[in-house]
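> This is the structure I have questions about; it appears just below.
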Amino acid sequence: MSTSTMNANRSNTLAAGRLRPGVMVSMGVFAVAVPLFVLWALVGNLPNLFVVAFIAIILFLILLGVTSRIVEGGRRAKDRVITTLVVSSFVLALVPLVSLLWTVIARGLTRFDGSFFGMSMRNIVGNGGGALHAIIGTLLITLMATIISVPVGILTAIYLTEYARGNVLSKVLSALVDVMTGIPSIVAGLFIAALAGLLIGPGTTTGFLGALALSVLMVPTVVRSAEEMLKLVPNELREASYALGVPKWVTVLRVVVRTAAAGLTTSVMLAISRVIGETAPLLIVAGFTPSMNYNLFSGPMMTLPVFVYDQYAHKGLPPEAFDARSWAGALTLILLAMVLNVGARLLGKLLSPKTR
Amino acid sequence: MSKRIEAIGLNIYYGSFLAVENVNMDIKPRSITALIGPSGCGKSTFLRTLNRIHEIIPGARVDGKVLLDGDDLYGPGVDPVLVRRQVGMVFQRPNPFPTMSIKENVLAGVKLNNKRISRSDADDLVESSLRGANLWNEVKDRLDAPGAGLSGGQQQRLCIARTIAVKPDVVLMDEPCSALDPISTLAIEDLMQELKKEYTIVIVTHNMQQASRVSDMTGFFNIAGTGKPGHLIEYADTAKIFSNPDKAETEDYISGRFG
Ligand SMILES: Nc1ncnc2c1ncn2[C@@H]1O[C@H](COP(=O)(O)OP(=O)(O)OP(=O)(O)O)[C@@H](O)[C@H]1O
Ligand SMILES: [Mg+2]
């Protein structure tokens with residue numbers, strides 16, 4: 019039997035008052051209503067909703083803080099105020115994102131049709147046409163850039179975490195990677211253009227050069243994030259493997275890289291996201307074309323970001339047709355990035371260590 | 156198989172820091188040797204030199220000799236990988252490979268070393284190793300479940316199974332029971348008694364009862380102060396160390412008068 023007895027006569031000394039949800043809802047309604055109607059009365063028409071929201075949040079914070087302090091005590095009041103701040107910042111951060119998605123979807127859908135995905139812009143002057151050439155270009159160039167950068171990036175990261183042991187070469191390498199992370203993308207484009215100018219001839223534009231320029235941007239991202247992922251692999255696993263008499267390179271490949279595989283997939287994904295929307299370098303080295311081009315090694319190749327820019331900046335008649343294609347291109351680009359992202363997540367799930 | 160280990164004039168460094176000085180120790184085959192001593196005196200450091208895993212820490216090195224049945228582990232031309240195949244190690248914290256199933260964990264040493272093994276041999280090896288580690292009955296129905304999903308004590312026994320699956324001559328254990336409950340601890344102590352029939356076992360422990368229960372020989376390490384190297388103070392039969400040790404220092408430590 020338990021020896022403790024509940025004290026029925028006096029109130030629980032451990033408990034403090036609590037604000038009822040209803041009270042908080044009414045405070046919220048009050049905080050919104052007051053600035054809305056006061057401003058309406060002052061201005062004469064519907065006031066700017068952002069201003070109302072801003073004042074409402076401040077009003078709500080003051081009301082909540084004071085009442086909670088009186089009813090629930092100081093610590094609880096702080097908790098309520100901070101929670102409100104955190105949630106409202108989150109919502110605030112979400113606003114531009116949602117509004118951006120909304121705009122892109124609304125405007126992009128007008129031309130999100132069969133011919134947009136089935137046609138290029140060859141011989142199109144006004145309405146109609148599509149972005150198939152740009153979609154193919156983006157896919158090919160990004161794929162090529164990934165094929166170049168992922169092995170280079172991951173091998174560099176492996177060297178830095180597993181082999182270098184902080185030697186001079188690794189310090190130089192690390193510094194270079196840091197510098198490269200900060201290179202503006204237009205500079206990467208110019209650099210590849212200059213290189214191609216020397217080796218092939220000035221003014222050359224091909225998809226492959228575009229992929230090279232993107233690789234310049236991708237490699238440092240892959241190195242940095244892959245390095246972080248490899249560092250997360252506990253040293254105990256390396257030691258466990260060595261203690262079984264497994265050589266170092268096998269340990270690196272089949273224990274370290276395998277354990278980090280899910281994270282490495284994410285690193286690659288991040289790097290792809292970084293470059294798939296790049297416009298500036300592609301503008302310089304991959305060029306413009308209204309036609310299909312499946313060959314990375316000859317002739318200019320259109321890409322989605324350049325397509326979006328081109329349709330928007332060089333409008334013909336009627337301008338609405340160009341605008342609509344531009345937005346549809348933007349929507350496609352977002353969807354493409356999303357599909358890649360979801361794919362990488364699924365792959366990551368598949369590769370990640372399990373406990374069940 | 157079981158081999159004798161001899162440490163001769165062994166000095167162990169982390170960079171320029173001398174962590175353990177002049178250890179001379181003769182460890183008999185088919186026996187359990189316990190290493191005891193206060194925290195930071197270099198027990199783990201010494202243990203890790205016995206399979207050359209010490210040197211994977213940047214700057215870590217050793218001088219002196221460690222003989223495995225007369226062959227110097229640190230002799231010129233010795234491949235540490237081959238040394239580690241003969242001297243297995245169980246770590247303080249259970250560390251099963253998180254991407255592998257129970258079965259794959261047991262076979263890790265074989266598979267990672269690309270040895271070909273028939274399916275039936277592999278199944279036999281898994282069963283015998285898990286039986287050897289006293290884990291078979293608990294996991295026989297879920298060999299394909301992830302190793303990281305076991306309890307801590309089961310994971311530790313899985314790590315022991317993984318170690319004995321490569322059939323080493325010597326098994327080193329660094330505080331293998333420190334994260335375990337008394338029942339799993341007893342299971343592992345029983346297991347050590349079994350393993351001792353075939354392997355040379357060296358175990359680091361902070362648990363005096365454990366040392367006196369399981370070991371044949373005991374080595375006491377001590378350290379004069381922080382920043383000073385650890386020394387092997389006394390090394391003798393466990394019975395002697397725990398009843399009438401030669402050194403007063405040992406006596407103080409085991410009777411709890413240390414520090
Ligand atoms: N990786 C390392 N780098 C530098 N010094 C180290 C390293 N590991 C251990 N040391 C030092 O070596 C000395 C011995 O450490 P060691 O881990 O061997 O002690 P221990 O006897 O195993 O202690 P515990 O009982 O707490 O496990 C300590 O002074 C420690 O600071
Ligand atoms: Mg230790």
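Chains as they are written, first to last, in the numbering used here: chain A, 19 to 374; chain B, 156 to 414.
Just so you know, even glycine gets a beta-carbon here, dropped at the ideal spot from N, CA and C.
Since this is a predicted model, take the numbers as computed values, not measurements.
Which residues neighbour ligand 1 when neighbourhood means a C-beta less than 5 Å away from any of its non-hydrogen atoms? List them by chain order.
Spelled out in chain order, the answer is Tyr169(B), Ala174(B), Ser194(B), Gly195(B), Cys196(B), Gly197(B), Lys198(B), Ser199(B), Thr200(B) and Ile212(B).
> When we look at the beta-carbon of His209(B) and count the other beta-carbons within 10 Å, is it buried (16 or more) or exposed?
The residue labelled residue 209(B) in the question sits at position 54 within the second sequence. Buried.
> What are the residues of the segment 337-362 of chain B that lie near chain A, defined by any Cβ-Cβ distance shorter than 9 Å?
Listed by position along the chain: nothing, the set is empty.
> I want to see whether chain B comes within less than 8 Å of Glu257(A), judged by CB atoms only; does it?
Here residue 257(A) corresponds to residue number 239 of the first sequence, with the count starting at 1. It does; some Cβ of chain B falls within 8 Å.
> Counting only Cβ pairs nearer than 7 Å, list the residues of chain A close to Phe172(B).
Working through the second sequence from its first residue, we reach residue 172(B) at position 17. The contacting residues do not exist; Phe172(B) stays about 17 Å from chain A at best.
> Give the single residue among Arg317(B), Leu387(B) and Lys383(B) whose Cα lies nearest to the Cα of Gly192(B).
By one-based count along the second sequence, residue 192(B) stands at place 37. For the residues Arg317(B), Leu387(B) and Lys383(B), the minimum Cα distance to Gly192(B) belongs to Leu387(B).
> With 8 Å set as the bound, which would you pick, yes or no: does the beta-carbon of Ala366(B) sit closer than that to a beta-carbon of chain A?
Against the second sequence, residue 366(B) aligns to sequence position 211. No, Ala366(B) lies away from the interface with chain A (no Cβ there is under 8 Å from its Cβ).
> Would you kindly work out how many angstroms separate the C-alpha atoms of Gly347(A) and Val109(A), rounded to a whole number?
If you number the first sequence from 1, residue 347(A) lands on position 329. If you number the first sequence from 1, residue 109(A) lands on position 91. Their backbone Cα atoms lie some 28 Å apart in a straight line.
> Flag this pair as yes or no: are the beta carbons of Val234(A) and Gly171(A) separated by less than 8 Å?
Residue 234(A) sits at position 216 when you count from the first residue of the first sequence. Residue 171(A) sits at position 153 when you count from the first residue of the first sequence. In this structure, Gly171(A) does not lie closer than 8 Å to Val234(A) by Cβ.
> In three-state terms, what does DSSP make of Lys220(B)?
On the second sequence, position 65 is the one that residue 220(B) refers to. Strand.
> Look at the Cβ atom of Leu262(B), then the Cβ atom of Ala277(B), and state whether they are nearer than 8 Å.
Position 107 of the second sequence, counted from the first residue, corresponds to residue 262(B). Position 122 of the second sequence, counted from the first residue, corresponds to residue 277(B). Contact: yes.
> Could you compute how far the alpha carbon of Leu157(A) sits from the alpha carbon of Leu67(A)?
The sequence position of residue 157(A) within the first sequence is 139, counting from 1. The sequence position of residue 67(A) within the first sequence is 49, counting from 1. The alpha-carbon atoms of Leu157(A) and Leu67(A) are separated by roughly 42 Å.
> Could you name the residues of the segment 258-279 of chain A whose beta carbon sits closer than 7 Å to any beta carbon of chain B, in the order they occur along the chain?
Against chain B - using a Cβ distance shorter than 7 Å - the residues of the segment 258-279 of chain A are Ala258, Ser259, Tyr260, Ala261, Leu262, Gly263, Val264, Pro265, Val268, Arg272, Val273, Arg276 and Thr277.
> Between Glu246(A) and chain B, is there a C-beta pair that is closer than 8 Å?
The residue you call residue 246(A) lines up with position 228 of the first sequence. Not an interface residue.
> Pull out every residue of the segment 165-193 of chain A whose Cβ sits closer than 8 Å to any Cβ of chain B, in chain order.
Within the segment 165-193 of chain A, the residues whose Cβ lies closer than 8 Å to some Cβ of chain B are Arg183 and Gly184, listed in chain order.
> Note down, one range per segment and in chain order, each alpha helix (DSSP H) of at least 4 residues found wholly within the segment 48-135 of chain A.
Complete alpha helix (DSSP H) runs here, min 4: 67-90 and 92-126.
> Compare the C-alpha of Leu250(A) against each of Phe306(A), Ile176(A) and Phe130(A) and name the closest.
Taking the first residue of the first sequence as position 1, residue 250(A) is located at position 232. The shortest Cα separation from Leu250(A) among Phe306(A), Ile176(A) and Phe130(A) belongs to Ile176(A).
> Determine, for Pro371(A), whether the minimum Cβ-Cβ distance to residues of chain B falls below 8 Å.
The residue you call residue 371(A) lines up with position 353 of the first sequence. Yes, its Cβ sits closer than 8 Å to a Cβ of chain B.
> Name the chain A residues whose beta carbon is nearer than 7 Å to that of Arg240(B)?
What you label residue 240(B) is simply residue 85 of the second sequence in a count that begins at 1. The answer, in chain order, is Gly263.
> By DSSP, does Asp181(B) sit in helix, in strand, or in coil?
Along the second sequence, read from residue 1 onward, the residue named residue 181(B) stands at position 26. Residue state, collapsed to three classes: strand.
> Over the uninterrupted beta strand (DSSP E) stretch that includes Asn166(B), give me the two end residues.
Taking the second sequence and counting its residues from 1, one reaches residue 166(B) at position 11. Where Asn166(B) is concerned, the enclosing beta strand (DSSP E) stretches over Ile160 to Tyr169.
> Under 7 Å from any heavy atom of ligand 2, does the C-beta of Val359(B) make it?
As a first step, residue 359(B) is located in the second sequence; it is residue number 204 there, counting from the start. Yes, ligand 2 has a heavy atom inside 7 Å of this Cβ.
> When DSSP labels each residue in this structure, what does Leu369(A) get in the three-state scheme?
Position 351 of the first sequence, counted from the first residue, corresponds to residue 369(A). Of the three classes helix, strand and coil, the one that applies to Leu369(A) here is helix, per DSSP.
> Is the segment 147-165 of chain A close to the segment 305-318 of chain A, with three or more CB pairs under 8 Å?
Taking 8 Å as the limit for Cβ pairs, the verdict is that the segment 305-318 of chain A does touch the segment 147-165 of chain A.
> For a test of your reading of the model: does the CB of Asp196(A) fall under 7 Å from any non-hydrogen atom of ligand 2? Yes or no.
Taking the first residue of the first sequence as position 1, residue 196(A) is located at position 178. No.
> Could you name the residues of chain B that Glu338(A) contacts, counting a contact when the two beta carbons are closer than 8 Å?
On the first sequence, position 320 is the one that residue 338(A) refers to. Those within 8 Å of Glu338(A) in chain B number zero; the least Cβ separation is about 54 Å.
> Where does Glu176(B) sit, in a helix, a strand or coil, going by DSSP?
Your numbering for residue 176(B) matches position 21 in the second sequence. In this structure, Glu176(B) counts as strand in the three-state DSSP scheme.
> My parser needs the alpha helix (DSSP H) runs of 4 or more residues fully inside the segment 189-272 of chain A; what are they?
Runs found: 203-217, 225-250 and 253-261.
> Find the residues of chain C that neighbour Ala162(B), judging by a C-beta separation of less than 8 Å, and give them in chain order.
Absent here is chain C; the protein component of the structure consists of chains A and B.
> Is Phe246(B) close to chain A? Criterion is C-beta to C-beta, closer than 8 Å.
Position 91 of the second sequence, counted from the first residue, corresponds to residue 246(B). Closer than 8 Å: yes.
> With a threshold of 8 Å between beta-carbons, can Gly414(B) be considered close to chain A, or not?
Position 259 of the second sequence, counted from the start, is the residue given in the question as residue 414(B). Here the model assigns Gly414(B) a pLDDT of 45, short of 50, so the residue's position is not dependable, and the following value carries that caveat. No, its Cβ sits nowhere closer than 8 Å to a Cβ of chain A.
> Candidates Gly225(B), Arg203(B), Thr200(B) and Leu173(B): which alpha carbon is nearest Arg159(B)'s?
For the purposes of this step, residue 159(B) is identified with residue 4 of the second sequence, where counting begins at 1. When each option's Cα is compared against that of Arg159(B), the closest is Gly225(B).
> Listing by chain order, which chain A residues have their CB less than 7 Å from the CB of Pro253(B)?
Here the question's residue 253(B) lines up with position 98 in the second sequence. Ordered by position in chain A, the residues that pass the 7 Å Cβ test against Pro253(B) are Thr277 and Pro371.
> Give a yes or no on whether 8 Å exceeds the smallest Cβ distance from Leu237(B) to chain A.
If you number the second sequence from 1, residue 237(B) lands on position 82. Yes, Leu237(B) lies at the interface with chain A (some Cβ there is under 8 Å from its Cβ).
> Would you check whether ligand 2 has a heavy atom nearer than 7 Å to the C-beta of Asp329(B)?
Indexing the second sequence from 1 puts residue 329(B) at position 174. For ligand 2, at least one heavy atom lies less than 7 Å from the Cβ of Asp329(B).
> Taking only the alpha-carbon atoms, compute the straight-line gap between Leu368(A) and Glu245(A) and give it to the nearest angstrom.
Counting from 1 along the first sequence, the entry for residue 368(A) is found at position 350. Counting from 1 along the first sequence, the entry for residue 245(A) is found at position 227. Roughly 21 Å separates the two Cα atoms.
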